[in-house]
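S.K.: Residue numbers (our numbering), protein chains in the order written: chain F, 1 to 170; chain V, 1001 to 1499; chain U, 2001 to 2102.
For every residue, glycine included, the Cβ atom is placed at its ideal position computed from N, Cα and C.
Provided herewith is a single structure, encoded as structure tokens, for subsequent inquiry.
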Amino acid sequence: MNLEIILFILFSVIAAASAVIMITRANPIISALFLVLNFACLAGLYLLLNAQFIAVTQIIVYAGAIMVLFLFVIMLLRPEHDLTLQKKSKIKFMAAAAGIFVFAQLVYIIFFFSPNASQKTSVQSSINSGTIEQIGTAIFTKYVIPFEAAGYLLLAAAIGALVLAKKKFE
Amino acid sequence: MENLKTLVDSLYLLKPEIAISCVLVLVIIMDLIMDKNKTFLPYVALTGFIITAFLVVEQYFFKTSITQNLQKLLVIDAVGAFFKLIVILASCLIVYFSLISKEVKEAFDRHGEYYALICGMVIGMFFMISSADLIMIYLSLELVSLSSYVLAGFTKNSLRNSEASLKYFVFGAMSSGIMLFGISIIFGLTGTTNLLAVKSVMAAGGNSLTFLFASILIFAGIGYKISAAPFHFWTPDVYEGAPITITAYLSIASKAAGFALLIRFITLGYVQQIDASGAWQLVAGSIDWKKFFTVISILTMTLGNFAALWQDNIKRMLAYSSIAHAGYLLLGVVVLTNQGLSAVILYFIVYAIMNLGAFLVVMLIANKIGSEEIDDYKGLGYATPFLGVCMAIFLISLTGLPPTAGFIGKLYLFTALIEAKMIPLAVIAIINSVVSLYYYIRVLKHMFLTRPQNEDLVINTSFAEYVIVLVLAVPVILFGIYFTPIVNLAKNSVALFLQ
Amino acid sequence: MTTIPIEYYLVLSAFMFITGVIGVLIRRNAIIVFMCIELMLNSANLSLVTFSSYMGNSIGQVFVFFVMTVAAAEAAIGLAIIIALFRNKMTLNIDEVNIMKW
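Next up, the structure:
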């Protein structure tokens, strides 16, 4: 067993477990912290996949910025600590059953209609595809229009968040 | 460098988008500089929208091919330009509505943000209408959604408002997440996000089951925008809770962009070729869109029409009616022919005018009596005969009775269905129209056949209100009698449809 | 990446996606519902990066970059909506937000 497999098992098991713990905790702060753990493990997996840039961005943007915002809002509002799980166990059961059904379907598709078993490339080209240089070139040449659209998106979000979160106007 | 050069060369194709983004920036800057007096802001936005409308009309006649422009990310063609025109004209009208709306006036200190967000939505919808790449589709969909979540909760002094915004957000974020997962599967299958490239990979022998699964996941995102049946849950609550101007805007512009995206997604990603008779030949092994849309459209219209029967709030009733109309519009997509497409375009012209008109009258009445409950409409036909008669025109047109434009729209849709030999579906649609008669007429019954609650209630209509109501009411009658121009417009748009 | 089959990554991504969907369905706290949606976006990101890396194709990673932008914007808007709602209603429970029928 080499290091790569050990790391993969470590990261993927922690990621899966923390996702499940996240949706079952009553206290939103604990949920948020487990989500941070999940994101950190994903960053590890991205590194295993040779996606250095995305791995770093994952830590900075998701674990760093977005989750801090979540935690900040949770602590600002201090919602009551009671168990806010769905009260009706019937709905809970149905949701879990439907989820397991769809998951089984997905696994079936992944293993038996495997999309690209033939498309494996060399490690070198995989490493090249994840460098900042490659991604930056793609974003600023071929994908410059989506990049501008993303700019509008952030502008709209900034204006919108201000409008909604500002105190009421007397 | 090569990439950037072709981009700069084809930049003239983006004139409307560039114009509208200038308007956006201008509105924000003006709002910041002129701190005291903001009454002119709507006029800035209105002027910008009218200029953009001219640029879009110019675009209608462009004949470009997808390979040469904008790095295959966007398609500029006549059908797209038509939908953009619907969006921009609806935006002009909505700005005008906002000028006379009491709800919006009460939030006067946030006018700058209001018009800026509308501009943001317009940019998003323009990109959505012309996108030919999954990245572009996802980003533009999110741009439209994010702006509209905020606008739905804009006045925010009422609880209804923030509730509408929360529900819109939860459903919207969830369905876009599902759509993103579908996109990731498609990317895995084909190694590209460009719809044309996806089609060619799939035509060369793809994985049909996985492709089918991914297509359905992607439809979740589009279906949410057009409020098709299993994804419609947000519609009644959001339409009821949002300010009326925004409700009207969502029901026209957002839906038009959604339909344009749906048509684009199918024609670029799944249609192998269009044969001489105008029928669309699907790629072998792709999902059977015909059956899929038949089920979805029957569900959508039946659910919309029957749920509308029990509504007491007129905005909620119009919300269900707009779900039903999404079902009718899907009928034009079901047949997968050029005739069907031109019927959709024709119906959209009609639907935009009559639905905006109905919302306008509801808004004017709510301005005066402060209520949107159908029970409070008792005897209003006598208090304000002008608005009453116009409301009657709009509602009769929404039902689809002659001599109004709604009849012409439905006639062409059903003709397209019958030409494609889908008679049972046409019968179901006609039965649905009959059902819809009941709830539209109920409003008119309250307005004209019951005694007013308050005998001496008189509603005065100002000149500005007269003008705008007439601008919408006259075409509904006019196009019902003299319909050749709009029929020709619809046919021409499809004739210039880019392959 | 030479030794681990691509299917393992995809199954993990599918598992996270389904967990997120179940979370949206069973949780009633609006903030946790948003976190579940973030989890769904991340599962899609994982499969995009996996495909992109196994195919040596950087489009997938460009897409992930855009998805992160969207996620950040969405989180800002979503949390602002929650704050606005909390001011009016003093609750984060979605079930209690029901002046209008669901």
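Compare the C-beta of residue 1147 (chain V) with all C-beta atoms of chain F and state if any pair is closer than 8 angstroms.
M.R.: Chain F, which has a Cβ nearer than 8 angstroms to the Cβ of residue 1147 (chain V), makes this yes.
S.K.: Of all the CB atoms in chain V, is at least one closer than 8 angstroms to the CB of residue 2032 (chain U)?
M.R.: Chain V, which has no Cβ nearer than 8 angstroms to the Cβ of residue 2032 (chain U), makes this no.
S.K.: Please classify residue 1280 (chain V) as buried or exposed, where buried requires at least 16 neighbouring CB atoms within 10 angstroms.
M.R.: The residue is buried, with at least 16 neighbouring Cβ atoms inside 10 Å.
S.K.: State the CB to CB distance for the pair residue 1153 (chain V) and residue 2014 (chain U), rounded to an integer number of angstroms; the pair is presumed to be in contact (CB under 8 angstroms).
M.R.: Not confirmed; about 34 angstroms, so no contact.
S.K.: Within 8 angstroms of any Cβ in chain F, is that where the Cβ of residue 1074 (chain V) sits?
M.R.: Yes, residue 1074 (chain V) lies at the interface with chain F (some Cβ there is under 8 angstroms from its Cβ).
S.K.: Which one of V:1386, V:1407, V:1176 has the shortest CA to CA distance from residue 1396 (chain V)?
M.R.: Ranking V:1386, V:1407, V:1176 by Cα distance to residue 1396 (chain V) puts V:1407 first.
S.K.: By the criterion of Cβ-Cβ separation under 7 angstroms, what are the contact partners of residue 2035 (chain U) in chain F?
M.R.: The contacting residues are 22, 31, 32, 35, 70.
S.K.: Residue 1318 (chain V) and residue 1239 (chain V) - do their beta-carbons sit closer together than 8 angstroms?
M.R.: Result yes, Cβ atoms of residue 1239 (chain V) and residue 1318 (chain V) sit closer than 8 angstroms.
S.K.: So residue 1113 (chain V) contacts chain F; which residues on that side make the cut at Cβ distance below 9 angstroms?
M.R.: Those are 159, 160, 162, 163, listed as they occur along chain F.
S.K.: Do the stretch 1223–1239 of chain V and the stretch 1075–1095 of chain V make contact, defined as three or more Cβ pairs closer than 8 angstroms?
M.R.: No, the stretch 1223–1239 of chain V is not in contact with the stretch 1075–1095 of chain V.
S.K.: Quick check on DSSP: helix, strand or coil for residue 2028 (chain U)?
M.R.: Looking at residue 2028 (chain U) - three-state DSSP - the assignment turns out to be coil, as it is neither helix nor strand.
S.K.: Using the beta-carbon of each residue, which ones in chain V are nearer than 8 angstroms to residue 2055 (chain U)?
M.R.: Those within 8 angstroms of residue 2055 (chain U) in chain V are 1191.
S.K.: Closer than 7 angstroms between beta carbons: that is the criterion. Which residues of the stretch 1159–1175 of chain V meet it against chain U?
M.R.: Going along the stretch 1159–1175 of chain V in chain order, one finds 1159, 1160, 1162, 1163, 1165, 1166, 1169, 1170, 1173, 1174 with a Cβ nearer than 7 angstroms to chain U.
S.K.: Smallest Cα separation from residue 1192 (chain V): which of U:2063, U:2040, U:2093, U:2080?
M.R.: When only C-alpha atoms are compared, the closest one is U:2063.
S.K.: If we cut at 8 angstroms on Cβ distances, does residue 1150 (chain V) have a partner in chain U?
M.R.: By this cut-off, residue 1150 (chain V) is an interface position.
S.K.: For residue 1212 (chain V) and residue 1271 (chain V), what's the separation of their Cα atoms in angstroms?
M.R.: Near 15 angstroms, if we compare the C-alpha coordinates of residue 1271 (chain V) and residue 1212 (chain V).
S.K.: When the cut-off is 8 angstroms and only beta carbons count, does residue 2058 (chain U) lie next to chain V?
M.R.: Chain V, which has no Cβ nearer than 8 angstroms to the Cβ of residue 2058 (chain U), makes this no.
S.K.: Check whether chain F comes within 8 angstroms of residue 2084 (chain U), counting only Cβ atoms and requiring the distance to be less than that.
M.R.: By this cut-off, residue 2084 (chain U) is an interface position.
S.K.: Would you verify that the beta carbon of residue 46 (chain F) is, or is not, closer than 8 angstroms to some beta carbon of chain V?
M.R.: For residue 46 (chain F), the answer is no, since every Cβ of chain V falls outside 8 angstroms of its Cβ.
S.K.: Quick check: residue 1332 (chain V) and residue 1343 (chain V), are their CB atoms within less than 8 angstroms of each other?
M.R.: Going by C-beta atoms, residue 1332 (chain V) is nearer than 8 angstroms to residue 1343 (chain V).
S.K.: Name the chain F residues that come within less than 9 angstroms of residue 2044 (chain U), Cβ to Cβ?
M.R.: Those within 9 angstroms of residue 2044 (chain U) in chain F number zero; the least Cβ separation is about 12 angstroms.
S.K.: Taking Cβ-Cβ distances shorter than 8 angstroms, what residues in chain U pair up with residue 1142 (chain V)?
M.R.: What residue 1142 (chain V) touches in chain U: 2070, 2073, 2074.
S.K.: So, using beta-carbon positions, are residue 1159 (chain V) and residue 1181 (chain V) closer together than 8 angstroms?
M.R.: Their beta carbons are not under 8 angstroms apart, which means residue 1159 (chain V) does not touch residue 1181 (chain V) by this criterion.
S.K.: Taking the straight line between their C-alpha atoms, what separation do you get for residue 2022 (chain U) and residue 1403 (chain V)?
M.R.: Taking the straight line joining both Cα atoms gives about 51 angstroms.
S.K.: Compare the beta carbon distance of residue 156 (chain F) and residue 1147 (chain V) with 8 angstroms and say whether it is the shorter of the two.
M.R.: Yes, the Cβ-Cβ distance between residue 156 (chain F) and residue 1147 (chain V) is below 8 angstroms.
S.K.: My parser needs the alpha helix (DSSP H) runs of 4 or more residues fully inside the stretch 1035–1111 of chain V; what are they?
M.R.: As far as the stretch 1035–1111 of chain V is concerned, its whole alpha helix (DSSP H) runs of at least 4 residues are 1041–1060, 1078–1100, 1102–1106.
S.K.: Per the contact definition of three or more C-beta pairs closer than 8 angstroms, is the stretch 1240–1254 of chain V in contact with the stretch 1118–1126 of chain V?
M.R.: The stretch 1118–1126 of chain V vs the stretch 1240–1254 of chain V: in contact.
S.K.: Pull up the DSSP beta-bridge partners for residue 1337 (chain V), would you.
M.R.: Residue 1337 (chain V) is bridged to V:1279.
S.K.: Let me check one thing: in DSSP terms, what residues is residue 1133 (chain V) bridge-paired to?
M.R.: Beta-bridge pairing links residue 1133 (chain V) to V:1194.
S.K.: Alpha carbon to alpha carbon, how far is residue 1447 (chain V) from residue 1388 (chain V)?
M.R.: Each residue's Cα considered, the two are about 7 angstroms apart.
S.K.: On the DSSP bridge list, what partners appear for residue 1271 (chain V)?
M.R.: Answer is V:1282, bridged to residue 1271 (chain V).
S.K.: Is residue 1372 (chain V) helix, strand or coil when you go by DSSP?
M.R.: Residue 1372 (chain V): coil per DSSP, three-state reduction.
S.K.: Taking a Cβ distance cut-off of 7 angstroms, strictly less, list which residues of the stretch 1112–1135 of chain V are near chain F, in chain order.
M.R.: So the close ones are 1113, 1116, 1117, 1120, 1123, 1127, 1135.
S.K.: Chain U partners of residue 143 (chain F), CB-CB under 7 angstroms?
M.R.: Neighbours of residue 143 (chain F) on chain U, chain order: 2062.
S.K.: Indicate whether at least one CB of chain F lies closer than 8 angstroms to the CB of residue 1039 (chain V).
M.R.: No - not a single Cβ of chain F is within 8 angstroms of the one on residue 1039 (chain V).
S.K.: Does residue 1010 (chain V) get closer than 8 angstroms to chain U when you measure Cβ to Cβ?
M.R.: Cβ-Cβ to chain U under 8 angstroms: no for residue 1010 (chain V).
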